[in-house]
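Have a look at the structure below, then the notes.
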Amino acid sequence: MAVDNAYEALTEDSRDLGDRWAYGTGFQDPLSGVDATLPTGADLPAAARHVLGLGDDALVMAHRLSEWCTHAPELEEEVALANIALDLLGQARLLLARAAQLDPGLRPAGVAGHVPDEDALAFFRSAEEYRNVRLVEVPHGDFGHLVARLLVFSTWRLGVVDRLTGSRDPVVAAVAAKAVPEIAYHRDHAAGWTLRLGDGTDESHRRMARGLAEVWPLVGELFTTADAERPAIADGVGVDPATTRAEFEDVLRRVRGQATLGPPGADLRRDGDAPATAWGRTGRHTAALRDLLAEMQSVARAHPEGRW
Amino acid sequence: MNTTGDTPDAGAARATTPGDGGAGADTGAPARDRRGEWPLYEVFLRGRRGLNHVHVGSLRAADDTMALRHARDLYTRRNEGVSIWVVRSDAIAASSPDERDPFFAPSADKVYRHPTFYAIPDDVPHL
Chain A
1 MAVDNAYEAL TEDSRDLGDR WAYGTGFQDP LSGVDATLPT GADLPAAARH
51 VLGLGDDALV MAHRLSEWCT HAPELEEEVA LANIALDLLG QARLLLARAA
101 QLDPGLRPAG VAGHVPDEDA LAFFRSAEEY RNVRLVEVPH GDFGHLVARL
151 LVFSTWRLGV VDRLTGSRDP VVAAVAAKAV PEIAYHRDHA AGWTLRLGDG
201 TDESHRRMAR GLAEVWPLVG ELFTTADAER PAIADGVGVD PATTRAEFED
251 VLRRVRGQAT LGPPGADLRR DGDAPATAWG RTGRHTAALR DLLAEMQSVA
301 RAHPEGRW
Chain B
1 MNTTGDTPDA GAARATTPGD GGAGADTGAP ARDRRGEWPL YEVFLRGRRG
51 LNHVHVGSLR AADDTMALRH ARDLYTRRNE GVSIWVVRSD AIAASSPDER
101 DPFFAPSADK VYRHPTFYAI PDDVPHL
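Taken in sequence, the protein lines are chains A and B. Its first residue numbered 1, the first sequence is counted upward by one per residue in the numbering used here. Its first residue numbered 1, the second sequence is counted upward by one per residue in the numbering used here.
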């Protein structure tokens, strides 16, 4: 039984296969039936840069989350984190592939032809060519830091991706529509832990507050836009993250309040609130990204002709 | 699974290895048992084409809310479920293997209790 598309083998529409599974699998290709033509009249390189940034955010965050495998405090929590990482990896794959369609010039030169665009972008770019925000690349702290980063990241990303469902690029809109319920769950997961830790013991409260204080200096950057991607926003392909800031702050204010973590900003450093530079979106990263990529890319780079 | 409270030095630099200091999850949460573990829950799923909930496994969680979340994360990863029940294992009264014969043997020869003597209409599902 040869099928070109893995989803075809698993969808309920394949009636002759339906009885093979104890449960209806019902998997769906998120891009099935979506018109993949490029948006007309849009600045495609700018659109590609915008999409690339959102894809890189998901890819690097997925890698950081997957580093918790075998390190999480509970087995159940470990699987939950792996699920979130896989959700983000799926988003990254679709977004990187679309970025390369929007601007084939993004694909790194010299990568073997059979390597898909998304793999070429993930494994054969240097840290300076990555466009993720710095929030996702900084090294791990403790579990409180993990929860704080996930809360901030998913709250921010949900606001952006929710608006992206109205993108003029039908593929980007479809990826966003698939991602919204995923990220809503991630945010819920992180908010749940924020409440448990913040409103838990003295020690858990202290660590949760410390985690939030540690990630806060990286928050301002989330709402910046690189000049190179600005036309994509004007074209209606992308979303200006600055438009989501009020919503972001409102959610964090409420979660912090319920978690007895005090009024917003009470223990947060000022630079998180200052007008920020588009660091990661212009390729300026912390040294941690280079280390992360060295590990993530090692196998693909050791076997550049490999087929997986 | 739980790592209990060894707190690294408060002044220690942020660990690059996740899990160092992962004891942050130890919230002193309610209802830990003697070994410091969260209570056990049993998980029941109703599948997409299933009519009733079926026991699929167990997990540990600090409370009912977390148990539902964990059940979603552990047991519906492959699109199996549309509904989840969780119940604390210690809330289940179970028959004992010792009582197996008095419990179940008497029904073994009562073939008339099965409706096998009726013609089953084709258009009535789930009989």
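All C-beta atoms in this analysis are idealised placements derived from N, C-alpha and C, irrespective of residue type, glycine included.
Asked, Found
"Compute the Euclidean distance between the alpha carbons of E129/A and V215/A, then round it to the nearest angstrom.", "23 Å"
"Does DSSP put I183/A in a helix, a strand or coil?", "helix"
"Is there a Cβ from chain A that is less than 9 Å from the Cβ of R77/B?", "yes"
"What residue from R125/A, L150/A, R207/A has the CA that sits closest to A184/A's CA?", "L150/A"
"Between S89/B and V43/B, what straight-line distance do the alpha-carbon atoms span, to the nearest angstrom?", "9 Å"
"Find the nearest neighbour of P86/B within the set P115/B, K110/B, Y112/B, D63/B, judged by alpha-carbon distance.", "For clarity, residue 86/B is Val in the given sequence; the question names Pro instead. Nearest option by C-alpha distance: D63/B."
"Three or more C-beta pairs closer than 8 Å, one from the stretch 290-304 of chain A and one from the stretch 115-130 of chain A: is that the case here?", "yes"
"Using the C-alpha atoms, what's the distance from L31/A back to G110/A?", "29 Å"
"Please list the terminal residues of the continuous beta strand (DSSP E) segment that includes I84/B.", "81-88"
"Tell me the rounded alpha-carbon separation between G238/A and T282/A.", "16 Å"
"If we ignore side chains and look at the alpha-carbon of each, how far apart do G306/A and V124/B end up?", "55 Å"
"Sorted by chain position, which residues of the same chain lie with C-beta nearer than 8 Å to R270/A's C-beta, five sequence neighbours on each side aside?", "Note on R270/A: pLDDT 49, under 50, position unreliable in the model; no value is reported."
"I'd like to know if R168/A contacts chain B, where contact means its C-beta is closer than 9 Å to some C-beta of that chain.", "no"
"Residues in the same chain with beta-carbon distance under 7 Å from R196/A, minus the five sequence neighbours each way, listed in chain order, please.", "none"
"Just to confirm, is the Cβ distance from L38/A to D169/A under 9 Å?", "yes"
"If E315/A sits next to H140/A, beta carbons under 8 Å apart, how far is it from one beta carbon to the other, in whole angstroms?", "Chain A is shown from 1 up to 308; residue 315/A falls before or after that span and cannot be answered."
"Go ahead and pull the three-state DSSP assignment for H134/B.", "Past the boundaries of the shown model lies residue 134/B; chain B is included only from 1 to 127, so the question cannot be answered."
"Quick check on the DSSP output: the alpha helix (DSSP H) that includes L135/A runs from which residue to which?", "Where L135/A is concerned, there is no enclosing alpha helix (DSSP H), given that its DSSP letter is neither H nor E."
"Considering just the uninterrupted stretch of the alpha helix (DSSP H) at G159/A, what are its terminal residues?", "143-164"
"Which residues mark the beginning and the end of the beta strand (DSSP E) in which S58/B is found?", "54-60"
"Give, in chain order, every unbroken run of the alpha helix (DSSP H) that is at least 4 residues long and sits entirely within the stretch 208-262 of chain A.", "230-234, 245-258"
"Report yes or no: do three or more beta-carbon pairs, one from the stretch 198-211 of chain A and one from the stretch 131-147 of chain A, lie closer than 8 Å?", "yes"
"Please return the same chain residues whose Cβ sits closer than 6 Å to the Cβ of A242/A, not counting the five positions on each side in sequence.", "F223"
"Tell me, to the nearest whole angstrom, how far the beta carbon of A100/A is from that of P231/A; I am working on the premise that it is less than 8 Å.", "In fact, because the Cβ distance is near 18 Å, the residues do not count as touching under 8 Å."
"Specify the secondary structure class of E76/A as computed by DSSP and reduced to three states.", "helix"
"If you follow the alpha helix (DSSP H) that F103/B is part of, which residue opens it and which one closes it?", "100-104"
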